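**Q**
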Amino acid sequence: MAYFHIGSLTIPSTWLAAILALIAAAMLYRLKNGMKTGDWYWNSFFLYVVVWKLSYIFLHPALFLDMPLSVLYFNGGKAGHIAGLAAISVFLFMKRRVVQGGPGLLLPLFFLSYEVIVNGLERNFIELISHFFLLALFLSLFRKIGGQPGGMSIRIILFLVLCELLIISVFKTLLTLETLTLIWLALLALVDLIKSKDSQDDIR
Numbered sequence: 001m002a003y004f005h006i007g008s009l010t011i012p013s014t015w016l017a018a019i020l021a022l023i024a025a026a027m028l029y030r031l032k033n034g035m036k037t038g039d040w041y042w043n044s045f046f047l048y049v050v051v052w053k054l055s056y057i058f059l060h061p062a063l064f065l066d067m068p069l070s071v072l073y074f075n076g077g078k079a080g081h082i083a084g085l086a087a088i089s090v091f092l093f094m095k096r097r098v099v100q101g102g103p104g105l106l107l108p109l110f111f112l113s114y115e116v117i118v119n120g121l122e123r124n125f126i127e128l129i130s131h132f133f134l135l136a137l138f139l140s141l142f143r144k145i146g147g148q149p150g151g152m153s154i155r156i157i158l159f160l161v162l163c164e165l166l167i168i169s170v171f172k173t174l175l176t177l178e179t180l181t182l183i184w185l186a187l188l189a190l191v192d193l194i195k196s197k198d199s200q201d202d203i204r
């Protein structure tokens, strides 16, 4: 993992890539769909960060009680990451009638953008090119179907996930938090697309 210095701050490449991917995915979504991302998108990210950071208190209560300000510098690690993903899942379920259609496109777009950016920051150029081609493929399919969430084929998402898993398996190992995150976000996207398709069928 690479680290970047911004002023007095030292930021891991994964954190910086996540922030840049969040912005990039929103811009690409607007470019392709002609619509802004809903508030749920930014709120989901904020919720994840809050849960991820505050989970440190529950996972390391003794350290927190000794040094309360340590919560500013530490996080819940892998367990906190999983808790953050679970919080996003609950949030999207509660907002399912409002956000329907968005997660099915934005979540895959975010993950693919993240992979391109993080590998660029870490100078893994061959892996970067692999993820870039997959992102370009997703965007071309996005445009082909007119950017309509309900029309996005579930098989396309499954195909993208399998391609991502293949790329990860070539350059790394599948037994990582990265793979878990991919599968988790893919499941959220698939659930959203299925709901969107059912809603369109009901309207017809």
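Taking this note's numbering, the leading residue of the sequence shown gets 1, the next gets one more, and so forth.
Note that beta-carbon positions come from the ideal geometry of N, C-alpha and C, so glycine has one too.
Here the structure is a predicted model, which is why all the values come from computation and not from measurement.
Extract the residue ranges of the alpha helix (DSSP H) inside the region 32-80, only unbroken runs of 4 or more that lie entirely within it.
**A** As far as the region 32-80 is concerned, its whole alpha helix (DSSP H) runs of at least 4 residues are 39-59 and 61-66.
**Q** Helix, strand or coil: which one does DSSP assign to Leu-9?
**A** DSSP places Leu-9 in strand when its eight states are reduced to three.
**Q** Would you mind giving the Cβ-Cβ distance between Leu-177 and His-60, rounded to the nearest angstrom? I have them listed as a contact below 8 Å.
**A** Contact flag wrong, Cβ pair sits at about 19 Å.
**Q** Can you find at least 3 beta carbon pairs, one from the region 176-196 and one from the region 156-166, that sit closer than 8 Å?
**A** Touching, yes, given that three or more Cβ pairs across the two stretches are closer than 8 Å.
**Q** How about Ala-17 and Leu-121: do their beta carbons lie closer than 8 Å?
**A** Contact: yes.
**Q** Using beta-carbon positions only, say whether Tyr-29 and Leu-105 come within less than 8 Å of one another.
**A** Yes, the Cβ-Cβ distance between Tyr-29 and Leu-105 is below 8 Å.
**Q** Hey, Val-118 and Leu-135: beta-carbon distance below 8 Å or not?
**A** For Val-118 and Leu-135, no; Cβs fall outside 8 Å.
**Q** What is the residue span of the alpha helix (DSSP H) that Glu-164 lies within?
**A** First-last of the alpha helix (DSSP H) with Glu-164: 154-171.
**Q** In terms of alpha-carbon separation, which member of Ser-113, Leu-190 and Phe-58 lies closest to Ala-25?
**A** Among Ser-113, Leu-190 and Phe-58, the Cα nearest to that of Ala-25 is on Ser-113.
**Q** Are the region 61-78 and the region 1-16 in contact at 8 Å, needing three or more beta carbon pairs?
**A** Flag = no, the region 61-78 and the region 1-16 do not touch.
**Q** Could you check if Gly-34 is buried or exposed, using at least 16 other CB atoms within 10 Å of its CB as the buried criterion?
**A** So Gly-34 ends up on the exposed side.
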